[in-house]
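Visitor: First, the structure itself, so that you have it in front of you.
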Amino acid sequence: MRGVWAVALNSFRESSRNRIFYGLLATAILFILSSLLVANLTVPEARTRVLLNYGAFSISLFGVVIAIVMGVIQVHKEIDKKTVFSILTRPLSRGSFIVGKFVGMALILLVALLVLAAVWVAALLIDAALQRGVLTTVEIAPQLAIIPGVLLLIFVEQLVIASFAVFFSSFSSPILGGVFTVGFFFLGRSVSFLLQLAERGKGVMKSPLAKSLARAFSAIFPDLSSFNLSQELVQAVKVPALYLWHATAYGACYVVIFLIASIFLFNRREFA
Amino acid sequence: MSEAKSDAVERDGAATPTAEQDAPRESVIRFESVKKTFRIPILHTFNPKDWKSRGYRTKVEAVKEVSMEVYRGEIFGFLGPNGAGKSTSIKMLTGLVRPSSGRISIFGQPVWDVPASASPLARWFNRYRAGGALDRMGYLPEHPYFYDFLRPTEILEFFARLHGVPKARRSHRIEELIELVGLGHARERVLRKFSKGMLQRIGIAACLINDPELIVLDEPLSGLDPIGRKELRDLIYTLKKRGKTIFFSSHILHDIELICDRVAFIVEGQIREIGTLSQLQSRDNPLVEVLVHGSTADFLEATRGLAKSVESIGQMTQCIVEEPAVEQVLRAAFDQKLRIASVIPRKATLEEIFVAEAKRKEAS
């Protein structure tokens with residue numbers, strides 16, 4: 001455990017000084033703040049909806065990008081630059097190293113999420129104040145109450161993607177790992193849609209092969225759309241705590257599976 | 001430098017067999033018939049135009065047979081030409097590469113087995129390595145590289161945490177090491193801005209963070225300037241005086257000659273020679289340097305088959321010959337009426353032994 005925490009802290013420290021991270025974070029902040037301008041183009045009734053949607057989408061999108069970029073780079077860079085030579089020759093198991101890298105990445109993702117969430121909420125409050133001339137949260141109070149749940153599931157989704165990126169970077173190149181992780185994200189996001197199409201049996205999904213494929217995908221890949229609460233947020237529908245727990249546990253299962261697979265492969269690697 | 005040389009001479013003198021040396025010594029590193037074969041993906045070497053000749057390789061024998069022991073308190077030099085298997089052997093020793101067969105142990109503990117007493121979870125997580133011995137070892141890889149955006153104190157703190165150095169002792173130890181490797185002036189600089197030599201120094205500090213009993217250095221002198229090399233040699237010798245065991249590989253034979261108690265030559269994955277410098281130097285016929293004023297074509301013709309090397313140095317001709325051939329070379333000089341300037345017995349340098357070993361292997 002001592003080793004896991006040391007690797008995690010070191011990984012967090014290194015990532016937090018990486019310019020790529022700051023570049024992505026700054027772009028995400030600009031993106032969220034630009035929602036204030038975009039909201040001006042809509043009808044007044046849709047203002048809050050645009051701000052909520054835009055913010056949640058930005059946090060989710062940039063979080064995923066940070067998870068993919070950092071996840072793919074993290075382990076591969078250690079091997080490529082041969083820093084693993086100095087680390088794995090210490091009393092530290094390879095499993096602890098992989099888990100430590102993942103925890104470090106989770107910390108950096110958490111920091112990014114909290115910063116972006118703060119900017120998002122600030123944008124919502126600023127807009128409310130500008131519209132009504134007074135700083136009040138009364139009108140957006142129902143949505144604000146849902147935001148912690150939305151952020152929790154965005155974070156869980158990022159962890160699932162990050163664990164998949166770590167899995168790939170433990171045995172392949174960053175480009176290949178990046179391509180596969182992006183593919184994994186899109187597939188994960190469309191699993192439930194594919195399944196719905198298969199159940200309805202329309203269009204190309206009529207054939208039994210297509211149906212079987214859709215069912216196989218949904219059985220293997222995580223349904224990332226279950227972490228997406230943007231509809232509930234916009235409509236201010238309260239999300240049951242049980243759902244949040246279930247979704248978190250669902251994501252945690254995939255994280256554990258991907259990390260075990262990463263450790264399995266990393267244990268067999270030779271660093272010649 | 002002169003101090004180091006006098007130390008080396010002193011040790012070399014002490015390397016002659018004594019009753020103390022005859023006594024059994026504690027083995028710190030032991031390689032027993034270690035072999036390593038790397039598999040090459042067939043697509044990397046397969047030529048579809050020439051598939052019938054089966055000229056493609058799927059395996060490379062990096063280490064064919066290595067058996068050696070390193071004893072407590074000695075400085076052991078590991079020599080060999082490029083691609084001889086030095087780094088692979090060191091990586092097997094440090095747990096980065098798994099041997100194909102054979103056994104490696106540090107302080108009597110196998111590097112690649114996990115004790116049966118370990119819990120199933122620990123066995124799975126540590127599947128191929130026993131970590132216990134690694135806590136007593138420090139390793140400096142060839143061309144060490146660390147995280148770009150960290151400072152020297154931060155990277156050393158990281159390694160100290162990995163070794164479980166208590167918090168109370170950590171900062172004192174880090175400061176001590178930073179001063180020891182002469183990086184006090186660069187304490188606040190990030191490692192990205194470090195030169196190759198500075199990275200080598202921080203690598204040495206990282207290697208010593210746990211105050212290891214065994215220090216394994218892979219090409220520690222490469223990348224250092226002459227002053228840095230002298231400082232490192234002095235440091236290695238100081239560590240030896242503190243009872244540490246040092247195992248290191250190097251291409252800089254002069255340095256090995258100055259500080260090593262024993263050396264091993266590895267050529268094409270096989271250990272060719274192991275011994276103290278004096279043992280290796282006296283292994284073949286002793287060499288003699290014959291220096292003659294001037295030269296003639298007949299003299300050169302006469303000495304060609306007798307001397308190991310014949311070289312013109314200004315007005316003089318230098319012949320390096322084995323002791324039994326000295327008389328014939330002198331006779332050839334007398335016959336040509338050449339004046340003898342000097343006849344000096346000469347010990348073979350490590351470089352000459354090294355080149356001779358490599359040539360012997362080539363010839364065989």
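As you go down the protein sequences, you meet chains A and B in turn. The letter at position 57 of the first sequence is residue 57 when you use the numbering used here, and the numbering goes up by one with no holes. The letter at position 295 of the second sequence is residue 295 when you use the numbering used here, and the numbering goes up by one with no holes. Virtual Cβ for every residue (Gly too), placed ideally from N, Cα, C.
#1: What does the Cβ neighbour count give for Asp225(B), buried or exposed, with the cut at 16 atoms within 10 Å?
#2: Does the Cβ-Cβ distance between Leu277(B) and Val267(B) come in under 8 Å?
#3: At a CB distance below 7 Å, what residues from the segment 77–109 of chain B approach chain A? Give them in sequence order.
#4: Going by beta carbon distance, what residues of the same chain come within less than 8 Å of Leu253(B), once the five residues before and after it are set aside?
#5: With 8 Å as the threshold, decide whether the Cβ of Ala19(B) is near any Cβ in chain A.
#6: Does any CB atom of chain A fall closer than 8 Å to the CB of Phe146(B)?
#7: Alpha carbon to alpha carbon, what distance is there between Phe168(A) and Ala133(B)?
#8: How about Phe62(A) and Ala28(A): are their beta carbons less than 8 Å apart?
#9: Can you grab the Cα-Cα spacing for the pair Arg187(B) / Thr153(B), in whole Å?
#10: Could you spell out where the alpha helix (DSSP H) holding Ala6(A) opens and where it closes?
#11: Starting from Thr276(B), trace the beta strand (DSSP E) in both directions and tell me its first and last residue.
#12: Report the neighbours of Phe38(B) on chain A: residues whose CB is nearer than 7 Å to its CB, in chain order.
#13: Is any beta-carbon of chain B found at less than 8 Å from that of Lys82(A)?
#14: Please return the same chain residues whose Cβ sits closer than 7 Å to the Cβ of Glu311(B), not counting the five positions on each side in sequence.
#15: Can you find the residues in the same chain that come closer than 6 Å, C-beta to C-beta, to Arg269(A), ignoring five residues on each side of it along the sequence?
#16: Restricting to Cα atoms, I'd like to know which of Val72(A), Val99(A), Tyr22(A) is closest to Thr181(A).
#17: Spell out the partners DSSP gives Lys167(B) in its beta bridges.
#18: Could you pull out every residue in the same chain whose Cβ sits closer than 8 Å to the Cβ of Ala341(B), ignoring the five residues on either side in sequence?
#19: Using the rule of at least 16 other Cβ atoms within 10 Å of the residue's Cβ for burial, across every protein chain shown, is Arg2(A) buried or exposed?
#20: Using a Cβ cut-off of 7 Å, pull out every chain A residue sitting near Glu154(B), in sequence order please.
#21: Take Ile75(B) and list the residues in its own chain whose beta-carbon comes closer than 7 Å to its own, dropping the five residues that flank it on each side.
#22: Tell me, please, whether the segment 216–224 of chain B touches the segment 159–167 of chain B by the rule of three or more beta-carbon pairs shorter than 8 Å.
#23: Taking buried to mean at least 16 other C-beta atoms within 10 Å of its own C-beta, is Asn210(B) buried or exposed?
#24: On the CB-based measure, 16 or more other CB atoms within 10 Å of its CB, does Trp120(A) come out buried or exposed?
#25: So Ala6(A) contacts chain B; which residues on that side make the cut at Cβ distance below 7 Å?
#26: Going by Cα to Cα distance, which pick from Ser249(B), Met92(B), Val165(B), Met68(B) is closest to Pro372(B)?
#27: Count the other CB atoms, across all protein chains shown, that sit within 10 Å of the CB of Lys91(B); report buried if there are 16 or more and exposed otherwise.
#28: Can you tell which of Pro44(A), Val43(A), Ser86(A) has its C-alpha closest to the C-alpha of Tyr139(B)?
#29: For Gly183(A), count the other beta carbons within 10 Å of its own beta carbon; 16 or more makes it buried, fewer makes it exposed. Which is it?
#30: Just the Cα atoms here: how many angstroms apart are Leu125(A) and Val65(A)?
#31: With distance defined between alpha-carbon atoms, name the residue in Pro44(A), Ala8(A), Thr248(A), Ser11(A) nearest to Leu151(A).
#32: Straight-line CA distance for Ala307(B) to Glu289(B)?
#33: For Lys86(B), which residues of its own chain have a beta-carbon under 7 Å away from its beta-carbon, when the five flanking residues on both sides are left out?
#34: Can you tell me which residues form a DSSP beta bridge with Ser101(B)?
#35: Taking only the alpha-carbon atoms, compute the straight-line gap between Leu208(B) and Ser100(B) and give it to the nearest angstrom.
#36: Take every Cβ of the segment 225–242 of chain A, pair it with every Cβ of the segment 188–200 of chain A, and state whether three or more of those distances are shorter than 8 Å.
Guide: Considering the structure as presented:
#1: exposed
#2: no
#3: Thr88, Lys91, Thr94, Gly95, Leu96, Val97, Arg98
#4: Leu79, Thr349, Leu350, Glu351, Phe354, listed in sequence order.
#5: Since pLDDT at Ala19(B) reaches only 46, below the 50 mark, its modelled position is unreliable, and the value read off the structure follows with that caveat. Interface residue (Cβ-Cβ distance to chain A less than 8 Å): Ala19(B) is not classified as such.
#6: At least one CB of chain A lies nearer than 8 Å to the CB of Phe146(B).
#7: 31 Å
#8: yes
#9: If I take the Cα positions, the gap works out to 7 Å.
#10: 2–15
#11: 270–276
#12: Ala272
#13: yes
#14: Gln318
#15: Cβ within range, chain order: n/a, list empty.
#16: Nearest in C-alpha terms to Thr181(A), of all of Val72(A), Val99(A), Tyr22(A), is Val72(A).
#17: None, per the DSSP bridge assignment.
#18: Leu291, Val292, His293, Met316
#19: exposed
#20: Arg13
#21: Ile236, Lys240, Ile246, Ile259, Cys260, Asp261
#22: no
#23: By the 10 Å Cβ count, Asn210(B) comes out buried.
#24: buried
#25: Phe158, Arg161, Leu162
#26: With chain B covering 1 to 364 only, the question about residue 372(B) has no answer from this structure.
#27: buried
#28: Comparing C-alpha distances from Tyr139(B) to each of Pro44(A), Val43(A), Ser86(A) shows the shortest one belongs to Ser86(A).
#29: exposed
#30: The alpha-carbon of Leu125(A) is positioned some 26 Å away from that of Val65(A).
#31: Ranking the options by Cα distance to Leu151(A), first place goes to Thr248(A).
#32: 10 Å
#33: Only Phe78, Gly80, Ser249, Ile266 meet the Cβ criterion.
#34: Lys35(B)
#35: 30 Å
#36: yes
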